[in-house]
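Q:
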Amino acid sequence: MTDLNVSSEPVKYNPDFAKEIYALESGEHVKLCMQCGMCALSCATREEMDYSPRKLFLLMRVGKREEFFKANTMWMCSTCLMCKVRCPRGIPLADVMHDLKSHAIKLGYTERPQATFYQSFWQEILNKGRVFEGGLMARYYLKRGWSEMTKGLFEMRDLGMTMLKHNRMPLKSPKSIKGLKSMKQIIERAQAQMHREEGR
Amino acid sequence: MVNKSILVVGGGISGLTAAIEAAEVGFEVYIVEKNSYLGGKVTQINQYFPKLCPPNCGLEINFRRIRSNPNIRFFTMAEVEEITGQEGNFDVTVKLNPQYVNENCTACGKCAEVCPAERANDFNYGLDKTKAVHMAHQFAFPVKYVIDAKACEAGCSKCAEVCQYKAVELDMQPKTMKLNVGSVVWATGWKPYDAQKLSYYGFGRYPNVITNVIMERLAAANGPTGGKIVRPSDGKEIKSIAFIQCAGSRDENHLHCCSTVCCMATLKQTTYVREQYPDARICVYYIDIRSRGKHEDFFVKVQNETNITLIKGKAGEIMEDPATGNLTVMAEDQIAQQLTGEMFDMVVLATGMAPATAEQKIPAEISYDEDGFVASPQTAGVHAAGCVKKPLDVAASVQDATAAALKAIQSVRGQNNV
Amino acid sequence: MSKKIGVYICSGCGIGDALDVSALSKVATKEYKAPVCKTDAFLCGKDGVDIIKKDVAEEGVNYVVIAGCSGRVNYDVFDFGPSVVLERVNLRERVVWTQEPDDEDTQAMAEDYMRITLAKLKNLEAPVPFIGEEVSKRIMVVGGGLAGMTSATEAAAAGYEVVLVEKEESLGGWLKKSYKIAPLSPPYTNPEETDLAGRIKKIEDNPNIKVYTLASIEQTAGSPGMFDVTIKQGDAAATERVGAIVLAAGAVPYDPGKLEHLGFGASPNVITQAQLEELAQKGCIARPSDGKAVQKVAFIQCAGSRDQEHLSYCSAACCVESIKQSLYVKEQNPEAAVYVFYKDIRSSGQYEHFYKKAQSEGVIFIKADVTGVSDDGGNITIEADDLLMGSPTMADEIDLVVLANGMVPATAFEDPALGGEAQAEVAAGSDQAAPAPAPIIKSNILNLQYRQGPELPSLKYGFPDSHFICFPYETRRTGIYAAGSVRRPMDMAQAVEDATGAALKAIQCVEMSARGMAVHPRSGDLSYPEFQMNRCTQCKRCTEECPFGAINEDEKSNPLPNPTRCRRCGTCMGACPERIISFKNYSVPMVGNMLKAIEVPEEDEEKPRVLIFACENDAIPALDMAGINRLAYSKWIRIIPVRCLGSLNLIWVNDAMSKGIDGVLLMGCKHGDDYQCHFMKGSELAGIRLSKVSETLDRMGLESDRVYMTEVSIMDYDKIPKIVGDFVDKIEKFGPNPMKGF
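Spelled out as structure tokens, the structure:
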């Protein structure tokens, strides 16, 4: 894990940032964190995270916005739900992490590859109503750049071959789903409602 | 007609206190206790914090108060089944379970000598065995033997044959009895929260993960090891031990409240370990140390004298090395800012207090809080005392029970509305 | 009424197999001329008991001696009513379960116990209770705060008259100064109304409660059942007779003037919890400096508490109070930022729900050590070491800092008006070898007319608390019970319970005193010490040593006993060099006769005798437990129980040595800081007296180590054989007592 003293600036408590997080869909629950650290230990990817969720909330409380969004914590969450199940304060941590990811993307914190992946995945769904691995890869590497693509494709060649062999990865883009238009309408309506609720 | 007598349900420290205090004012009191002995949970405690004195000392005084006070009558192996009527005039149905040993018993012990059957000793949480006919524990009051009929060999009547006082009655049947009383004090106490529900700590699977109540028995001179604190798996001495606080307390998935006593109980237990193992490594994993009031002195004393390591961070998981039985405790040490995984010979879970009323409700109109503690009795004349109301240490239970005695007296005096 | 002794020997439980019962009977009938002596194989059985009952009814037996099991068992079976004096000879646990069966030394031991008991009967009379004159059952409550009002209302609801004394002009104490209180009942999530008016009305409407406001207690004279309290109201004084007292004088906040390091005094915007209550009561929590409604508030916990330089204890209530006050701020302005700087959040028990509530309102809790508080034109900056961040941090632009400044009991302050005279007198009057008297701080609250000082002895930090865990209402001034925050730091919910319990104890005391009974721990004891004044030498030992301050002194230093203050431990009896203090059923000559009844073999028989005086509270049960566990111990010992080692009179040691007994072992309870003596000072005093014994022994030409005192707890039963064995070995090395045969 990373040492928390990431910046040499004197740490100053700033409640405004916490309020921003509390306003997210599951953000309200974060208030209840009592800093016990159970989440840190329940986490399947705890070794990979810069900060445990508990520490992330600590940064939030202090108002360290940049460190908060630049940490990999939310992106490393694999939604295994163990933290949510065990949190003694009943904080739905996986949901909170999801909120944070979407909030981070909205705010433009998209440097993390996972952010690109989420965005690509979403675009792919929105476009076809289903996911085409090739299309997903294309979108992803278009954003991440040429050098990452060569490196990435080289590293994943075995996986790719295996998937091909087992017919798990079509080479040709599949057709869009039936009723793609209706699906888009559903999503638009849901998003509109969400915006209305956020505006309240 | 107002009945002036008081029924106290539960003969633990709260029930005993409520009963004796009311009786010494001059009221007739009945105690109904489900075990074969009085004293309840405190009989299983090795020492009280913060004085590190033996509970049997105070119990002895209380039993003497009972012995010398004709106002008190008690029934062991008894349970309340039904309460009807109202304040000043309750009819209570009490079930008397068979002890299979009658009042002739002189506690001479001949029966146990010939008894061929053994049973796990529940008084020591199954860590040792007793004969099917046994005395519940050395300090049992009343001093009478009891038979665990489930443990008996079929058709065996050796104990009955050897007893020259005709004290064994193997065909004893449950009985019911009616009591008419003016008021009821409900003091059925607490149970240790079931640590098996905390699957990540492995209690029940890893033999060297024990609970704080088991630790009391391990440290007790009259416990299964004669007071020597050793590992349950192999009887080995301890070089390192961890205490895990809030094991089930302060937890939305388990007991929502804080159990109040576990911090002090753990600090006390570190002194047990330190006394036997001057060089052992002792770690306490905590969220907050709650040694309230003057108990802070004990916390300071333990920090100064007992050489313990306090780790701020709830332990998240325990892993066992099946070859050695050693345990790795995973936690986030928040002061040192790191994940830790330290290995210990033994781990003690500071499991909290679940009210007895979480499982067995009072047969009257009563409301309970989210953890099953008595919220406020709606039935006038029925008063809760001690740990069925809130998690309390011994001194606070006694205070609360003394207060409940006054409430009961107000009920039977019929002057509650003055 | 003439004594008619009936001796009943049980031969059951192996007694008959191990002992020659007929020889034992002869001790009773031949040596002690007991007119009735019977033997039964199952004395506690119905038939056995009937034999005794029949003798009582038909033969006029009124002194029953049962030789069989310990008095700790079958107490209910062997109960022949109050008119029969009952003594038990413990042959089972103390002889046959610890000694070789069918052995002459075992037989000798059993016969000696028979002798000891029968000798005891010579000086044993049924106690006649002390009944005071004009005994009052009224309860006085000192202090009209939450605890005091609760005690008063609860005692009155049980039908007792109450006199309530309050120093301020109206009742309420802290409630008057509080906007709201922390919840007293489930769900424990929201501050509650103080309901002050309702509480006061309950008292005013109750004709059984008499209230004195603006009142102080000039003096408290007398004893339980007969306290005469002079209450001063302005220039007027009234005297009330009451039976017992609840001291609910409360606590005051720790002096914030001492908290300069947290900014108090330097900035008007650094205030105490009490000041925040005032602001909240006024309806607006605003900055004292300029009246601006607060946007950012910080609470600093443990301001003074848990601090070796201030109050080393935790004040218990402040975490819950700050949680409550943080909710005030949030109630006024949900958008306000609220920080709580803490060491540990101690929202014990169900107050965890209250903590969660504050969190859910957005209050931010920071585990930190505050290192500095500075004011810049009304804006405050707090610097701290955030322990979980692991770095120094800062909170700035704070409008208001609230110090959770803890509590100090009202009894902790010496009233400067009173000078230090009486205290000095106690110190000067005490023997150098005596234990330090418990600190009595002249707080000018009760003004007890007690020889040992005017207030309740303080246990620690000025709190007159009980030292016992099992008996939190134990008090060193019988009939006076401290309740609420005066006796230990506590929150309001605890204070309510405590005050109710204290009311019960006060009621119990007046009831028992009226019947002439002792209160805890010898509750129900009808005996009390009587003084043969014509032989008193005014040495003051009894008045100084009584652990309960029961004995006053007249101007000529004569002791003035107060039987209802007495707890019947016998410490005065043990202290008295003239042996003028006796109970009807416990006296110096009685124990003297008991030990003289022991048969001491001739020197050439090489059978030493060791006498054990054992405290009946812990050592006697431990000895019983040794028997129950069949732990064999020395056959040379003879045990005599004492009420408390404090009642040990040195003449007994003298008598034992003169008689030829080779050694005396004293078994008492632990003393020192964590004492377990149920009479507080008894075992400690015995130890001090014993230090003087060496002189006596030297005079007799004996080794002073022939007398030894040891601490035995009830759990030490497994150590009994070794404790006894080691001492007997030592005595055997000294060789026989040369006084034998004189």
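Protein chains in written order, with my numbering: chain A, 19 to 218; chain B, 1104 to 1521; chain C, 33 to 774. Heads up, the beta-carbon is just placed ideally off N, CA and C, and yes, glycines get one too. Please read all numbers here as calculations on a predicted model, not as lab measurements.
1. Out of curiosity, what's the CA-to-CA distance linking Glu577/C and Arg600/C?
2. Could you name the residues that DSSP lists as bridge partners for Trp1293/B?
3. Show which residues of chain B have a CB atom less than 7 Å away from the CB atom of Arg378/C.
4. Taking C-alpha atoms, which residue in Asn1207/B, Gly1338/B, Asp1474/B and Ile1134/B lies nearest to Val1183/B?
5. How big is the Cα-Cα spacing for Leu76/A and Asp705/C?
6. If you draw a straight line from the alpha carbon of Ser115/C to that of Thr1314/B, how long is it in whole angstroms?
7. Can you tell me where the alpha helix (DSSP H) holding Pro33/A begins and where it ends?
8. List the residues that DSSP assigns as beta-bridge partners of Gly38/C.
9. Which of the three DSSP states, helix, strand or coil, is assigned to Tyr211/C?
10. Starting from the C-beta of Ala1478/B, find all residues in its chain whose C-beta is less than 6 Å away, skip the five residues before and the five after it, and write them out in chain order.
11. What residues of chain A sit near Tyr371/C, judged by a beta carbon separation below 7 Å?
12. Starting from Val551/C and walking both ways along the beta strand (DSSP E), at which residues does that stretch end?
13. For the region 1343-1358 of chain B and the region 357-368 of chain C, state whether three or more C-beta atom pairs, one from each stretch, are separated by less than 8 Å.
14. Is the CB of Thr182/C under 8 Å away from at least one CB in chain E?
15. For Met426/C, go through chain A and note every residue whose CB falls closer than 9 Å to its CB, in chain order.
16. I'd like to know whether the C-beta atoms of Phe503/C and Gly1416/B end up nearer to each other than 8 Å.
17. Anyone know if the C-beta pair for Thr596/C and Gly257/C falls short of 8 Å?
18. For Pro1335/B, which of helix, strand or coil comes out of DSSP?
19. Give me the Cα-Cα distance between Lys169/C and Tyr560/C, rounded to the nearest whole angstrom.
20. How would you call Cys98/A, buried or exposed, if buried means at least 16 neighbouring beta carbons within 10 angstroms?
21. Taking Cβ-Cβ distances shorter than 8 Å, what residues in chain B pair up with Lys537/C?
22. Go ahead and label Asn1407/B buried or exposed: buried means 16 or more other beta carbons lie within 10 angstroms of its beta carbon, across all protein chains shown.
23. I need the DSSP call for Gly1188/B, collapsed to helix, strand or coil.
24. In whole angstroms, give me the CA-to-CA distance for Pro300/C and Val284/C.
25. Mind listing which residues of the region 1420-1439 of chain B have their C-beta closer than 7 Å to chain A's C-betas, in chain order?
26. Along the region 313-343 of chain C, where does the CB come closer than 7 Å to a CB of chain A? Name the residues.
27. Which whole runs of the alpha helix (DSSP H) in the region 1144-1180 of chain B are 4 residues long or more, in chain order?
28. What residues in the region 118-135 of chain A bring their beta carbon closer than 7 Å to a beta carbon of chain C?
29. Return the bridge partner residues of Ser255/C from the DSSP annotation.
30. Give the DSSP-derived three-state secondary structure of Ser517/C in the structure shown.
31. Name the chain C residues that come within less than 8 Å of Val80/A, Cβ to Cβ?
32. If you draw a straight line from the C-alpha of Glu186/C to the C-alpha of Ala515/C, how long is it?
33. Checking 8 Å against the spacing of the C-beta atoms, do Phe1152/B and Val1515/B come in under that value?
34. Quick check on Ile396/C: does DSSP put it in helix, strand or coil?
35. Look at Phe645/C and Val696/C and say whether their C-beta atoms are less than 8 Å apart.
36. Could you check the C-alpha separation between Leu59/A and Arg1334/B for me, to the nearest Å?
A: By the coordinates alone:
1. As a position in the third sequence, residue 577/C is number 545, starting the count at 1. As a position in the third sequence, residue 600/C is number 568, starting the count at 1. Taking the straight line joining both Cα atoms gives about 13 Å.
2. The residue labelled residue 1293/B in the question sits at position 190 within the second sequence. Paired residue(s): Pro1458/B.
3. The count along the third sequence starts at 1 and reaches residue 378/C at position 346. Asp1391, Arg1393 and Arg1395, listed in chain order.
4. Indexing the second sequence from 1 puts residue 1183/B at position 80. The residue with the shortest Cα to Cα distance from Val1183/B is Ile1134/B.
5. Within the first sequence, residue 76/A is the residue found at index 58, counting from 1. Within the third sequence, residue 705/C is the residue found at index 673, counting from 1. For Leu76/A and Asp705/C, the distance between alpha carbons rounds to 43 Å.
6. By one-based count along the third sequence, residue 115/C stands at place 83. By one-based count along the second sequence, residue 1314/B stands at place 211. Cα-Cα distance, rounded: 52 Å.
7. The residue you call residue 33/A lines up with position 15 of the first sequence. It spans Pro33 to Tyr40 - the alpha helix (DSSP H) in which Pro33/A sits, taken as one unbroken run.
8. Start at 1 with the first residue of the third sequence, and residue 38/C comes out as number 6. According to DSSP, Gly38/C bridges with Val68/C and Val96/C.
9. As a first step, residue 211/C must be located in the third sequence, where it is residue number 179. DSSP places Tyr211/C in coil when its eight states are reduced to three.
10. Stepping through the second sequence from its first residue, residue 1478/B is reached at position 375. The beta carbon of Ala1478/B sits closer than 6 Å to those of Ser1470, Tyr1471 and Asp1472, all from its chain and outside the five residues before and after it, given in chain order.
11. Residue mapping note: residue 371/C aligns to position 339 of the third sequence, counting from 1. Neighbours of Tyr371/C on chain A, chain order: Tyr31.
12. Here residue 551/C refers to the residue found at position 519 of the third sequence. Segment: none, Val551/C is in no beta strand (DSSP E) and carries neither H nor E.
13. Contact between the region 1343-1358 of chain B and the region 357-368 of chain C is absent, because fewer than three Cβ pairs lie under 8 Å.
14. Protein chains A, B and C are contained in the structure displayed, whereas chain E is not.
15. Looking up residue 426/C in the third sequence gives position 394. Close to Met426/C, with beta-carbon spacing below 9 Å, are these residues of chain A in chain order: Pro28, Val29, Lys30 and Tyr31.
16. Counting from one through the third sequence, the residue named residue 503/C turns up at place 471. Counting from one through the second sequence, the residue named residue 1416/B turns up at place 313. Taking the C-beta atoms as reference points, Gly1416/B is found no nearer than 8 Å to Phe503/C.
17. For this step, residue 596/C is matched to residue 564 along the third sequence. For this step, residue 257/C is matched to residue 225 along the third sequence. With contacts defined as CB atoms closer than 8 Å, Thr596/C and Gly257/C qualify as a contacting pair.
18. Working through the second sequence from its first residue, we reach residue 1335/B at position 232. Pro1335/B: coil per DSSP, three-state reduction.
19. Taking the third sequence and counting its residues from 1, the one referred to as residue 169/C is at position 137. Taking the third sequence and counting its residues from 1, the one referred to as residue 560/C is at position 528. For Lys169/C and Tyr560/C, the distance between alpha carbons rounds to 21 Å.
20. Position 80 of the first sequence holds residue 98/A. With fewer than 16 Cβ atoms within 10 Å of its Cβ, Cys98/A is classed as exposed.
21. Taking the first residue of the third sequence as 1, we reach residue 537/C at position 505. Residues of chain B whose Cβ lies closer than 8 Å to the Cβ of Lys537/C are, in chain order, Glu1124 and Thr1505.
22. For the purposes of this step, residue 1407/B is identified with residue 304 of the second sequence, where counting begins at 1. Classification of Asn1407/B: exposed, given that the 10 Å Cβ count is below 16.
23. Against the second sequence, residue 1188/B aligns to sequence position 85. In this structure, Gly1188/B counts as strand in the three-state DSSP scheme.
24. Position 268 of the third sequence, counted from the first residue, corresponds to residue 300/C. Position 252 of the third sequence, counted from the first residue, corresponds to residue 284/C. When rounded, the separation of the alpha-carbon atoms in Pro300/C and Val284/C is 21 Å.
25. Listed by position, the residues of the region 1420-1439 of chain B near chain A (Cβ gap below 7 Å) are Glu1420, Met1433, Ala1434, Glu1435 and Gln1437.
26. Of all residues in the region 313-343 of chain C, none has a Cβ within less than 7 Å of some Cβ in chain A.
27. Within the region 1144-1180 of chain B, complete alpha helix (DSSP H) segments of at least 4 residues are found at 1158-1170, given in chain order.
28. So the list is empty, because no residue satisfies the distance condition.
29. Against the third sequence, residue 255/C aligns to sequence position 223. Met258/C, per the DSSP bridge assignment.
30. If you number the third sequence from 1, residue 517/C lands on position 485. DSSP, read as helix, strand or coil, puts Ser517/C in helix.
31. Residue mapping note: residue 80/A aligns to position 62 of the first sequence, counting from 1. Counting only Cβ-Cβ distances below 8 Å, Val80/A has contacts in chain C at Asp418, Met421 and Thr425, in chain order.
32. Counted from its first residue, the third sequence places residue 186/C at position 154. Counted from its first residue, the third sequence places residue 515/C at position 483. If you take the alpha carbons of Glu186/C and Ala515/C, they lie about 13 Å apart.
33. Within the second sequence, residue 1152/B is the residue found at index 49, counting from 1. Within the second sequence, residue 1515/B is the residue found at index 412, counting from 1. No, these two residues do not count as a Cβ contact at 8 Å.
34. Residue numbering aside, residue 396/C sits at position 364 when the third sequence is read from its first letter. Correct three-state label for Ile396/C: strand.
35. The residue you call residue 645/C lines up with position 613 of the third sequence. The residue you call residue 696/C lines up with position 664 of the third sequence. In contact: Phe645/C and Val696/C (Cβ atoms closer than 8 Å).
36. Position 41 of the first sequence, counted from the start, is the residue given in the question as residue 59/A. Position 231 of the second sequence, counted from the start, is the residue given in the question as residue 1334/B. Those two C-alpha atoms are separated by around 26 Å.
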